[in-house]
Amino acid sequence: MTNIRRALYNVQCIHKEKKVWLMMPSFNLKPIDKQITTKERAYNEIKDVILNGYISSEEIFTEVKLAELLNTSRTPVREALQDLLKEGLIVTIPRKGMAVRNVTESEAEQIFLLRTTIEGEVIKKLTETITPEQLEQLRQIYQNQQEAMEKDDEISFISLDQTFHITLTRFADYHLIEQVLLNLHNLSQLIGLRAIKKRNRMREVLSEHEYIILCMEKKNSDLAAKAMIHHLSKTKESWKK
């Protein structure tokens with residue numbers, strides 16, 4: 001019996017009064033309330049468990065099994081999976097189903113190369129136009145990350161890290177680049193836990209983000225770009241070790 005089938009049928013119980021069968025969700029998937037079931041909710045829930053590492057790249061799943069786990073119909077799950085396929089977070093396994101994408105070392109190298117090239121230029125442009133209000137928003141994200149670190153909440157920390165970087169691109173008004181980076185960051189999150197688990201890496205990330213904000217506050221675009229490139233290089237080193 002596969003792990004997913006074992007998880008699917010692991011626990012069943014009958015409510016004595018209503019006699020309703022309840023199925024314990026697997027992969028930390030939460031059943032979607034039928035009254036508010038939508039493709040977007042299915043997408044968010046599946047994506048969340050993928051990025052949080054609850055489904056491994058060795059685990060094969062189908063829309064039927066996920067629909068059962070989410071307590072919803074197959075249509076919104078099918079549409080959600082199509083979006084995740086387009087984003088590159090999952091892949092199709094012929095005649096079997098789907099699986100979480102296994103990011104290879106070569107792909108990781110390409111992700112960091114693209115991010116370094118793009119984000120270095122983005123922050124250089126943004127530093128020239130950034131407003132006090134935008135700087136305050138970045139500081140708030142930084143503070144939220146600090147709280148996540150204090151709670152040792154690695155998942156929230158990584159999510160806020162993505163928010164920090166995508167917000168920079170949004171502030172620069174680079175909408176096309178924002179979409180490209182969002183996909184790159186999604187793939188980055190598939191390997192993000194490996195990097196962030198390195199000793200003191202969360203604290204280092206906070207220090208690097210703080211310095212990036214400081215460089216922008218001083219309107220030093222060249223220094224801000226160098227700070228960003230250094231930050232991404234350190235993340236790459238942490239992933240490779």
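Quick note on the UniProt record's numbering: the sequence shown kicks off at 1 and runs consecutively.
The beta carbon of each residue, even a glycine, is placed where N, CA and C say it ideally should be.
Predicted model, so just to flag it, every value in this text is computed and none were measured.
The stretch 78-86 in contact with the stretch 140-155 per 3-pair CB rule at 8 Å: The stretch 78-86 makes no contact with the stretch 140-155: fewer than 3 CB pairs, one atom from each, lie closer than 8 Å.
Reference M216; option with closest CA among S57, I90, I55 and T131: T131
I213 - DSSP class collapsed to helix/strand/coil: helix
Cβ-based neighbour list, I212, same chain, cut-off 8 Å, excluding 5 preceding and 5 following: I123, A224, A227, M228 and H231
Inter-residue spacing [alpha-carbon to alpha-carbon] between Q162 and R74: Cα atoms of Q162 and R74: separation of roughly 30 Å, rounded to the nearest angstrom.
C-beta atoms of H209 and F171 nearer than 9 Å: Taking 9 Å as the Cβ cut-off, H209 and F171 do not qualify as a contacting pair.
T92, DSSP secondary structure in three states: strand
Supposed contact pair R101 and residue 242 - C-beta distance, whole angstroms, cut 8 Å: There is simply no residue 242 to check, as the chain begins at 1 and stops at 241 in what is shown.
Inter-residue CB distance, I55 and V49 (contact presumed, cutoff 8 Å): 6 Å
G97, DSSP secondary structure in three states: In this structure, G97 counts as strand in the three-state DSSP scheme.
Integer Cβ distance of Q146 from L206, believed to fall under 8 Å: Confirmed, Cβ separation roughly 6 Å.
Pair within 9 Å by beta-carbon distance, L114 and L184: yes
Pick from L126, N71 and L168 that is closest to I141, judged by C-alpha positions: L168
Contact under 9 Å by Cβ, K219 with E121: Not in contact: K219 and E121 (Cβ atoms no closer than 9 Å).
Within 9 Å, strictly: CB atoms of I191 and V103: Yes, the Cβ-Cβ distance between I191 and V103 is below 9 Å.
Three-way DSSP call (helix, strand, coil) for E237 in this model: helix
Bridge partner(s) assigned by DSSP for F61: M98
Candidates N200, S188 and D83, of which the one nearest G53 by Cα: S188
Spatial neighbours of R139 in its chain, beta-carbon cut-off 6 Å, leaving aside the 5 residues before and after: Result list for R139: empty, nothing under 6 Å.
Beta-carbon proximity check, A42 vs T72, cutoff 9 Å: yes
Distance CB(I196)-CB(S233) smaller than 9 Å: No, the Cβ-Cβ distance between I196 and S233 is not below 9 Å.
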